[in-house]
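Here the structure is laid out as structure tokens; the discussion comes afterwards.
There are 2 protein chains.
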Amino acid sequence: MIRINENYTKLKASYLFADIAKRVNAYVAANPSKPIIRLGIGDVTEPLPQVCRDALHAATDELGQRATFKGYGPEQGYAFLRDAIAQHDYAARGCKIESDEIFISDGSKCDCGNIQEIFSHDVRLAIPDPVYPVYVDTNVMAGRTGANVDGRYQGITYLECTPANGYVPAVPSVATDLIYLCFPNNPTGAVATKAQLAAWVAYAKANKAIILFDSAYEAYIRDPQIPHSIYEIEGARDVALEFRSFSKTAGFTGTRCAYLVVPKTVVAYDVAGNAHPIHALWNRRHSTKFNGVSYPVQKAAAAIYTEAGKQQTGALINHYLANAKLIRDAMTKLGFSCVGGDNAPYIWVNTGRDSWQFFDTLLNQAQVVCTPGAGFGKCGEGHVRISAFNSRENVETALARIAAALK
Amino acid sequence: MIRINENYTKLKASYLFADIAKRVNAYVAANPSKPIIRLGIGDVTEPLPQVCRDALHAATDELGQRATFKGYGPEQGYAFLRDAIAQHDYAARGCKIESDEIFISDGSKCDCGNIQEIFSHDVRLAIPDPVYPVYVDTNVMAGRTGANVDGRYQGITYLECTPANGYVPAVPSVATDLIYLCFPNNPTGAVATKAQLAAWVAYAKANKAIILFDSAYEAYIRDPQIPHSIYEIEGARDVALEFRSFSKTAGFTGTRCAYLVVPKTVVAYDVAGNAHPIHALWNRRHSTKFNGVSYPVQKAAAAIYTEAGKQQTGALINHYLANAKLIRDAMTKLGFSCVGGDNAPYIWVNTGRDSWQFFDTLLNQAQVVCTPGAGFGKCGEGHVRISAFNSRENVETALARIAAALK
Chain A
2 MIRINENYTK
12 LKASYLFADI
22 AKRVNAYVAA
32 NPSKPIIRLG
42 IGDVTEPLPQ
52 VCRDALHAAT
62 DELGQRATFK
72 GYGPEQGYAF
82 LRDAIAQHDY
92 AARGCKIESD
102 EIFISDGSKC
112 DCGNIQEIFS
122 HDVRLAIPDP
132 VYPVYVDTNV
142 MAGRTGANVD
152 GRYQGITYLE
162 CTPANGYVPA
172 VPSVATDLIY
182 LCFPNNPTGA
192 VATKAQLAAW
202 VAYAKANKAI
212 ILFDSAYEAY
222 IRDPQIPHSI
232 YEIEGARDVA
242 LEFRSFSKTA
252 GFTGTRCAYL
262 VVPKTVVAYD
272 VAGNAHPIHA
282 LWNRRHSTKF
292 NGVSYPVQKA
302 AAAIYTEAGK
312 QQTGALINHY
322 LANAKLIRDA
332 MTKLGFSCVG
342 GDNAPYIWVN
352 TGRDSWQFFD
362 TLLNQAQVVC
372 TPGAGFGKCG
382 EGHVRISAFN
392 SRENVETALA
402 RIAAALK
Chain B
2 MIRINENYTK
12 LKASYLFADI
22 AKRVNAYVAA
32 NPSKPIIRLG
42 IGDVTEPLPQ
52 VCRDALHAAT
62 DELGQRATFK
72 GYGPEQGYAF
82 LRDAIAQHDY
92 AARGCKIESD
102 EIFISDGSKC
112 DCGNIQEIFS
122 HDVRLAIPDP
132 VYPVYVDTNV
142 MAGRTGANVD
152 GRYQGITYLE
162 CTPANGYVPA
172 VPSVATDLIY
182 LCFPNNPTGA
192 VATKAQLAAW
202 VAYAKANKAI
212 ILFDSAYEAY
222 IRDPQIPHSI
232 YEIEGARDVA
242 LEFRSFSKTA
252 GFTGTRCAYL
262 VVPKTVVAYD
272 VAGNAHPIHA
282 LWNRRHSTKF
292 NGVSYPVQKA
302 AAAIYTEAGK
312 QQTGALINHY
322 LANAKLIRDA
332 MTKLGFSCVG
342 GDNAPYIWVN
352 TGRDSWQFFD
362 TLLNQAQVVC
372 TPGAGFGKCG
382 EGHVRISAFN
392 SRENVETALA
402 RIAAALK
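Line order of the protein sequences matches chains A and B.
To convert, take the position in the first sequence, counting from 1, and add 1; that gives the working numbering.
To convert, take the position in the second sequence, counting from 1, and add 1; that gives the working numbering.
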């Protein structure tokens, strides 16, 4: 008799954005004449940059000629893309990352979800709260937690991000093995300083732990003092992997491309205490269960590293950051304390009340969709996330409606 | 101290196609003037159909306009593609598969590798020998096997495919829970009759087991008596999932699109014996760890279901099948007994000698790359797989060289 993976039964019944969709759909069905503005799910809205579309067209034409047709590519990604990333995202910032330490994938969600497979079943997890749900859920599915008791899974060290610590958690007092960090943060939009990240690198070294650093939003950093990569921190090459994505940098949420950096110097241990390079394990995982990213998509991603590409993606990000500033200023003016929005496309609003209730208020009274903080964890209660991904006009209309609704 | 998943240390050190690449590269380096013809790895060579390229271009243009831009799509795939599959691949063959039982993915390798996650750690596996290595390796990584002893992992019931059974295994005499089947087969090219598949469905029902049916090569079936889908067998909707891919149907190995069919009627059990629909578990896995296939790629896949698309993919497959017939006829004429090539793009040649030695002979004396059967499992020894994926000219040249070398 075939049996299920019973860890799935520990998962909470539904997914945050599905819950939101249900409430929004119910509202729309009941109020068909009132147009909704979505500042909830962090999905880009503006056109794919011209350089990326030009590259997609050209690659499509290549597939039409036998001489330039592309079948299976390297599972790890084409050298043209890995080299461009190593040069522009790392060497240019003084980080020593080799091309073959970069694994191209079809999304950071996949990478964040799959990476835990190469570690043992009993690693001790440290995960922020609030947090992108994928870090937690994929470890629950793999059986690394106990039951969900009162909104938290047993066996996880939660790193609380609160107004008291400026939403940047300090290292824990207990030893942990696998640490998820995300800066600029989703959902809070908070960023970490070099000193704060250095403390995490030192903690990982002291505990022989590994940091999984999600920097999907690094392109939004405008403060020159804030590191874009964990590898700007001395010693991070020994203890950290880094997740990056083209989704928010270049509007690729529907086009799909991302990458994971695995330095050859990061190790984990077997039961006898022997060190094993993580790079070899991940390479085996990646080449056994994945067959590379679509060739035209890889060409589109590489195009953002040209001069025209940098200009076009820069303009795209400036657009969203200008939206973010409008949102943060408006919410601050309404009396809420906020973080994010300056070096991130998200504004984390301390609402001072139940977050689903605040969500319902914005939906019902302003026809604006935000994301209730409670959906991201216990410490998200009392907050909502507002996303800057929209047109200027929609953001301005949404803010006017919110101001009227909350007056 | 962070520990590795020690199951990875059970894996054999290298991957079949990496071994082949090493030998080929060494030969090419030593003999730069002798051009190689590759009939080894099953990768398509002919241009992507015009309808698919037209769809890629049109979708790229859509991404350039705010009104038609696409961000995150449904993780399960767009309705336009799921509906086309349900209609043309299933309803048209009398199989009752609903659109929402179809999960679009970026490749069958991913689906075949990931599906095991939703089952318990101790399911009893039945896996063919010879076999596509991903079925075995992903279960080794997940800890469902013991050590590799003499070329076989402990804890797997191997389904031997030999000249004696025409390379189609009968159901085993012991109970198993999770059964991998692939027809038309990779690597043998053998096909299964309705009666043979019906025996497997009956076995699965009797044992409360699940069949994972890989039909990535169904488009190559020309014999009207051979089923294209497991769902042509009565009762299969209760016990089988089906893997399909656009890779070999429409030349998508570099473009990347596939799908997995999970009928809502297939169940697995918890430890208390309660039945759980697999559809809900897979939906949770898929939506938690995957973010959908690139929008232009989904549009390209949908294009093959138009009249022009059917004509173009039909012509592509006819081209490869005509190559296959040439290969099978030539190898038969040389005195080898062969299967495959009539309803599949692979020809499985019984060489009567060590398969790596035969590989080396073809490489060194004919400059032709095939795949040694031993790389697919113990029962592959004594055989090689020759692939029909190439131009007519290359196939004809390769066959002339092989005939001269083996005379």
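All C-beta atoms, glycine included, are put in the ideal place defined by N, C-alpha and C.
Computed from a predicted structure; not experimentally measured.
Residue range of the beta strand (DSSP E) that includes residue i
i: A:Pro278; result: 276-278
i: B:Pro228; result: Neither: B:Pro228 is in no beta strand (DSSP E) and is coded neither H nor E.
i: A:Cys183; result: 179-183
i: B:His58; result: Careful: B:His58 lies outside any beta strand (DSSP E), inside the alpha helix (DSSP H) at 51-64.
i: B:Tyr159; result: 157-161
i: A:Glu235; result: Counting along the chain, A:Glu235 falls outside any beta strand (DSSP E), and DSSP gives it neither H nor E.
i: A:Ser415; result: No statement about residue 415 of chain A is possible, as the shown extent of chain A runs from 2 to 408 and does not include it.
i: B:Gly388; result: Note on identity: in this sequence residue 388 of chain B is Ser, with Gly being the wrong assignment. That run of the beta strand (DSSP E) goes 384-388.
i: B:Ile212; result: 211-215
i: A:Pro170; result: Counting along the chain, A:Pro170 falls outside any beta strand (DSSP E), and DSSP gives it neither H nor E.
For residue i, the first and last residue of its enclosing alpha helix (DSSP H)
i: B:Ala401; result: 393-407
i: B:Arg24; result: 17-31
i: A:Leu82; result: 80-86
i: B:Asp1; result: This structure gives no information on residue 1 of chain B, because the portion of chain B shown stretches from 2 to 408.
i: A:Ala127; result: Taken as a continuous stretch (DSSP letters only), A:Ala127 belongs to no alpha helix (DSSP H), being part of the beta strand (DSSP E) at 126-130.
i: B:Ser109; result: 109-115
i: A:Val45; result: Taken as a continuous stretch (DSSP letters only), A:Val45 belongs to no alpha helix (DSSP H), as it is neither H nor E.
i: B:Gln197; result: 195-208
Neighbour list for residue i in chain B, Cβ cutoff strictly below 9 Å
i: A:Gly342; result: The contacting residues do not exist; A:Gly342 stays about 20 Å from chain B at best.
i: A:Met2; result: Ala176, Asp178, Asn208, Lys209, Ala210, Ala269, Tyr270, Gly274
i: A:Phe81; result: Correct list: empty, because the minimum Cβ distance to chain B is about 14 Å.
i: A:Tyr347; result: Near A:Tyr347 there are no residues of chain B at all, since even the closest Cβ is about 16 Å away, more than 9 Å.
i: A:Tyr16; result: Arg285, Ser288, Thr289
i: A:Leu57; result: Leu57, His58, Ala60, Thr61, Leu64, Pro297
Rounded Cβ spacing between residue i and residue j (contact assumed at less than 8 Å)
i: B:Arg249; j: B:Tyr218; result: Contrary to the premise, residue 249 of chain B reads as Lys rather than Arg in this sequence. Confirmed, about 6 Å.
i: B:Pro50; j: B:Ile305; result: 7 Å
i: A:Thr398; j: A:Ile38; result: 6 Å
i: B:Thr189; j: B:Pro131; result: 7 Å
i: B:Asp44; j: B:Thr254; result: 5 Å
i: B:Ala205; j: B:Ile180; result: 7 Å
i: A:Lys290; j: B:Thr139; result: 6 Å
Amino acids of chain A, ordered along the chain, whose beta-carbon sits closer than 9 Å to that of residue i
i: B:Arg67; result: Thr46, Glu47, Pro48, Ser392
i: B:Leu12; result: Arg285, Thr289
i: B:Leu213; result: Those do not exist, as B:Leu213 stays about 11 Å from chain A at its closest Cβ, beyond 9 Å.
i: B:Phe70; result: Val45, Thr46, Glu47, Pro48, Leu49, Gly252, Gly255
Neighbouring residues, chain A, relative to residue i (Cβ below 8 Å)
i: B:Tyr73; result: Ile42, Asp44, Thr254, Gly255
i: B:Thr6; result: The amino acid at residue 6 of chain B is misidentified as Thr; the sequence shows Asn. Residues of chain A passing the Cβ test: Glu118, Ile119, Phe120, Ser121, His122, Leu282.
i: B:Tyr91; result: None at all; the shortest Cβ gap to chain A is about 24 Å.
i: B:Leu327; result: What B:Leu327 touches in chain A: nothing, since even the nearest Cβ is about 19 Å away.
Interface partners of residue i on chain B, CB under 8 Å
i: A:Thr372; result: Within chain B, no residue comes near A:Thr372; the closest Cβ sits about 14 Å away, beyond 8 Å.
i: A:Tyr154; result: Neighbours of A:Tyr154 on chain B: none; closest Cβ ~14 Å, over 8 Å.
Neighbour list for residue i in chain B, Cβ cutoff strictly below 7 Å
i: A:Arg54; result: Thr61, Leu64, Gly65
Chain-ordered neighbours of residue i on chain A, where CB pairs are closer than 7 Å
i: B:Tyr221; result: Under the 7 Å cutoff, chain A gives no residues; its nearest Cβ is about 17 Å from B:Tyr221.
**chain B contacts from the segment 238-261 of chain A (Cβ-Cβ distance under 7 Å)** = Thr254, Gly255, Thr256, Arg257
**Item:** Whole runs of the alpha helix (DSSP H) within the segment 324-378 of chain B, excluding any shorter than 4 residues
**Value:** 356-362
**Request:** Could you please tell me which residues of the segment 125-142 of chain B, in chain order, have their CB closer than 9 Å to any CB of chain A?
**Result:** The residues in question are Arg125, Pro134, Val135, Asp138, Thr139, Met142.
**Prompt:** When you check each C-beta in the segment 288-320 of chain A against every C-beta of chain B, which residues fall closer than 8 Å?
**Reply:** Ser288, Thr289, Lys290, Phe291, Asn292, Gly293, Val294, Ser295, Tyr296, Pro297, Val298
**Asked** Just by C-beta distance, which residues in the segment 263-286 of chain A are closer than 9 Å to chain B?
**Response** Val268, Ala269, Tyr270, Asp271, Val272, Gly274, His277, Ile279, Ala281, Leu282, Arg285, Arg286
**Request:** Would you mind listing the alpha helix (DSSP H) stretches within the segment 235-307 of chain A that are 4+ residues and don't spill past its ends, in chain order?
**Result:** Uninterrupted alpha helix (DSSP H) stretches at least 4 residues long and entirely within the segment 235-307 of chain A occur at 248-251, 279-290, 296-304, given in chain order.
**Message:** To be precise: take each residue of the segment 103-124 of chain B, compare its Cβ to all Cβ atoms of chain A, and keep it if any distance is under 7 Å. Which residues remain?
**Reply:** Asp107, Gly108, Lys110, Cys111, Gly114, Asn115, Glu118, Ile119, Phe120, Ser121, Val124
**Request:** Could you name the residues of the segment 374-400 of chain A whose beta carbon sits closer than 9 Å to any beta carbon of chain B, in the order they occur along the chain?
**Result:** Phe390, Ser392
**Message:** Give me the subset of the segment 182-197 of chain A whose CB atoms are less than 9 Å from a CB atom of chain B, sorted by chain position.
**Reply:** none
**Asked** For the segment 20-35 of chain B, which residues have a CB atom closer than 8 Å to at least one CB atom of chain A, in sequence order?
**Response** none
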